[in-house]
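**Q** Residue numbers are given in my numbering: position 214 of the sequence shown equals residue 214, and the series is strictly consecutive. Built from N, CA and C at the ideal position, the CB exists for glycine as well. First, the structure itself, so that you have it in front of you.
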Amino acid sequence: MLRSGKSELLIGFTISVLLTLFVNFPMLMRSYDHAVNMTNDKYMMAPPVLLHGYFFYFPLVWFFLFAFILFMVDVQMYKVGDKLLKLKEYKVVLFAGAVSFLVGLGLLTVAEDSGRVYPYSDQAGSVLDVLRFATDAAGVITRTGFEVEQLRRTKHGFAVSSAEETLAADRVIVCCGGMAGGKLGGTRSGYLLLQSMGHNMTKLYPALVQVKTDTTYVKALKGVRATGELTLCRGRDTVAESRGEVQFTEFGVSGPAVFDLSRSAAVEKPPLTLHIDLLPRLSAADTEALLRQRAALMPELTTENLLAGMLHNRLGRTLLRYAGFGLTEPVAALGAAERQRIAEAIHDFALPVTGVLGFDGAQVTAGGVRTDEFDPETLQSRLVPGLYAAGEVLDIDGDCGGYNLQWAWSSGHLAGQLRP
Ligand SMILES: Cc1cc2nc3c(=O)[nH]c(=O)nc-3n(C[C@H](O)[C@H](O)[C@H](O)COP(=O)(O)OP(=O)(O)OC[C@H]3O[C@@H](n4cnc5c(N)ncnc54)[C@H](O)[C@@H]3O)c2cc1C
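Here it is as C-alpha cells:
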C-alpha cells in the first residue's frame, strides 16, 4: 500500500492515544490492583505485571510501533531491481486516495476484512467503465487498436507511429505494461519504445508465478491445496520465506504463498530448494506425539490412513512415500524413530526447485526500465523532457495482494499530471 508520511504519523498518533485511553489506562489500573493483591499475598509476581502496565501506558511506545510497522509495510511490499524501494520518494496518491478517486467517479466498492477493496459488482470491467466515462466527459479522445511501433522526437514534441498512421504529441506517457501474461496482452513493446528514446533496462524475470520443482512427489498431488510455511533455501541459507496457501500442480507449486517467493525463485542463483512445513503450528516433537497417540488409539490402522484427518488424504499418503514408507504397514509396528521420520517429512517437505513458469504464466514482470532515469516527483524522464512512464514498464514490482495494480494506479495518476 502507498501512504504518505503525514498520514502515517497521524494514524499512528491517533491510534496510540485511543489505545492509551480505552485499553491501556484500565489495564494499568487493573495491573496495579492485581499487583497490590499479589504483593499482599506475598507473591513475587508484582513487578513484572506492573512493568507490563507501564510499558503499554506510554502513548509514545504505541506511536513509534505503529509508525515503524507502517513504514516497513510501505517499503517491503515493493522491489526495484534487487533493492527495496523507498516508495516515499514517489509523490504518488495513497491507497485510500486511489479508492476515493474511483469512488468519486461512481464506482461502488466493498472492502474485505483483509483490507482489500473490490468493485461491488465483482467485475474488473466496472473500474474500466467508470474511468472510460470520466475520460469521455473530460473530452479525452481514446484511440484503440493503435499499436505504437515507433516513438520519435520532433522539433515540437514527439511523433507516435503505428503501422498505418503517425500522430503528433507535445508529451507522451509510456504505460504499456510488462511481459507478464503474454496471452492476455503482455508485451515487450513499452521497453522497446523507451529504449529507443535512450532509456536503459534491468534484466526481466517472471514474478508472481508458479514455481517448478522436481515432480517425483508433486505430480500425484495435482489440485491439492494446503496451508503451510515456506522457506526457499540455497543450501543452508534462507533466500525467501512466506506462509499461506500452497496449491500443488503437475509442474510444482502455485498459490499465494508460492507467488510471494516466486520472484526469488526466478532471480536467485540455483540450486534452490523449497522447504514446506505443512503443520507450522506444531513442533516436530508435538507431531510425533500426535502420531504416537493415533497409533495407540487405532493400532489396526495401516500407514495409508495414518495422516487422514490431519492433512489432505493424498498429501498424507505422498508424505509417507516421501518419508520412505509403504502404505500397508500397521501403524502399531512403527517405532519412535519411524514416527519421527514421518513428523520430519510433514515439517520439511523439501522440493528441489527447477525454475519458474515463463512470462505467459506470470502475473507481473520483475525488472524493467531503470527508475533512476525518471524523476520520482513527476515520473518525467531525466533523459527526454516531455516523456513520462508509469506502471509495470518501470522496474518496480510488488508482492501478491493488489500492490501491482496499486502501483499502476498511483504512478498513472502521478505521470498523468504531466508536471514539468
Ligand atoms: C493474470 C494476471 C492476474 C493479475 N492479478 C493481479 C492482482 O490480483 N493484483 C495486482 O495488483 N496485480 C495483478 N496483476 C498485475 C497487474 O495487472 C499489472 O501489474 C498492472 O495491470 C500493470 O498496469 P499497467 O498499466 O502498467 O499495464 P497494463 O495493465 O498491462 O496495460 C498496458 C496497456 O498498454 C497496451 N499496449 C502495450 N503495448 C502497446 C503499444 N505498443 N501500443 C499501444 N498500446 C500498447 C496493452 O494492450 C495494455 O492495454 C495480474 C496480472 C495478470 C497477467
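Nearest by alpha-carbon distance to Lys269: which of Gly358, Val99, Leu232 and Ala289 is it?
**A** When each option's Cα is compared against that of Lys269, the closest is Leu232.
**Q** Grouping DSSP H, G and I as helix and E and B as strand, with all else coil, what is Val449?
**A** Any answer about residue 449 is impossible in this case: the structure gives the chain only from 1 up to 420.
**Q** Cα-Cα, which of Val246, Ile276, Ser283 and Asp170 is closest to Asp238?
**A** Per the sequence shown, the amino acid found at residue 238 is Thr instead of Asp. Taking only the C-alpha atoms, the option nearest Thr238 is Ile276.
**Q** Comparing C-alpha positions only, which one of Val127, Gly235 and Phe248 sits nearest to Thr216?
**A** For Thr216, the nearest C-alpha among the options comes from Phe248.
**Q** Locate the beta strand (DSSP E) running through Asp237, then write down its first and last residues.
**A** That run of the beta strand (DSSP E) goes Asp237 to Phe248.
**Q** Indicate the three-state DSSP secondary structure (helix, strand or coil) for Val253 in the structure shown.
**A** Looking at Val253 - three-state DSSP - the assignment turns out to be strand.
**Q** Based on the DSSP output, what are the partners of Ser381 in its beta bridges?
**A** Answer by DSSP bridge pairing, in chain order: Phe374.
**Q** Strictly by DSSP, which residues pair up with Arg281?
**A** Arg281 is not bridged to any residue.
**Q** Between Ser262 and ligand 1, is there a pair consisting of the residue's CB and a ligand heavy atom that are separated by less than 8 Å?
**A** Incorrect: Ser262 has no Cβ contact closer than 8 Å to ligand 1.
**Q** Excluding the five sequence neighbours on either side, which residues of its own chain have a C-beta within less than 6 Å of the C-beta of Gly106, listed in chain order?
**A** Cβ neighbours of Gly106 beyond the five flanking positions: Val130.
**Q** May I ask whether a heavy atom of ligand 1 can be found less than 8 Å away from the beta carbon of Cys233?
**A** Outside the cutoff, so no.
**Q** Considering only residues of the stretch 172-198, which uninterrupted alpha helix (DSSP H) runs meet the minimum length of 4 residues and lie entirely inside it, listed in chain order?
**A** List check, alpha helix (DSSP H) in window: 189-196.
**Q** In whole angstroms, what separates the C-alpha of Leu193 from that of Met201?
**A** If you take the alpha carbons of Leu193 and Met201, they lie about 12 Å apart.
**Q** Any idea which residues DSSP pairs Ser161 with across the strands?
**A** Beta-bridge pairing links Ser161 to Gln150 and Thr166.
**Q** Per DSSP, which one or two residues make a beta bridge with Phe259?
**A** Beta-bridge pairing links Phe259 to no other residue.
**Q** Are the CB atoms of Val258 and Val224 nearer to each other than 9 Å?
**A** Their beta carbons are not under 9 Å apart, which means Val258 does not touch Val224 by this criterion.
**Q** With three or more C-beta pairs closer than 8 Å as the rule, is the stretch 145-159 touching the stretch 171-178?
**A** Taking 8 Å as the limit for Cβ pairs, the verdict is that the stretch 145-159 does touch the stretch 171-178.
**Q** Residue range of the alpha helix (DSSP H) that Ala389 falls in?
**A** Premise fails: Ala389 lies in the beta strand (DSSP E), Leu387 to Ala389, not in any alpha helix (DSSP H).
**Q** According to DSSP, is Ile434 helix, strand or coil?
**A** There is simply no residue 434 to check, as the chain begins at 1 and stops at 420 in what is shown.
**Q** Please list, in chain order, all residues of the same chain as Leu319 whose beta carbon is under 8 Å from its beta carbon, the five residues on each side excluded.
**A** Result list for Leu319: Leu278, Leu307, Leu311, Ile342, Ala345, Ile346 and Phe349, in chain order.
**Q** For Asp397, which of helix, strand or coil comes out of DSSP?
**A** Note: Asp397 maps to strand in three-state DSSP.
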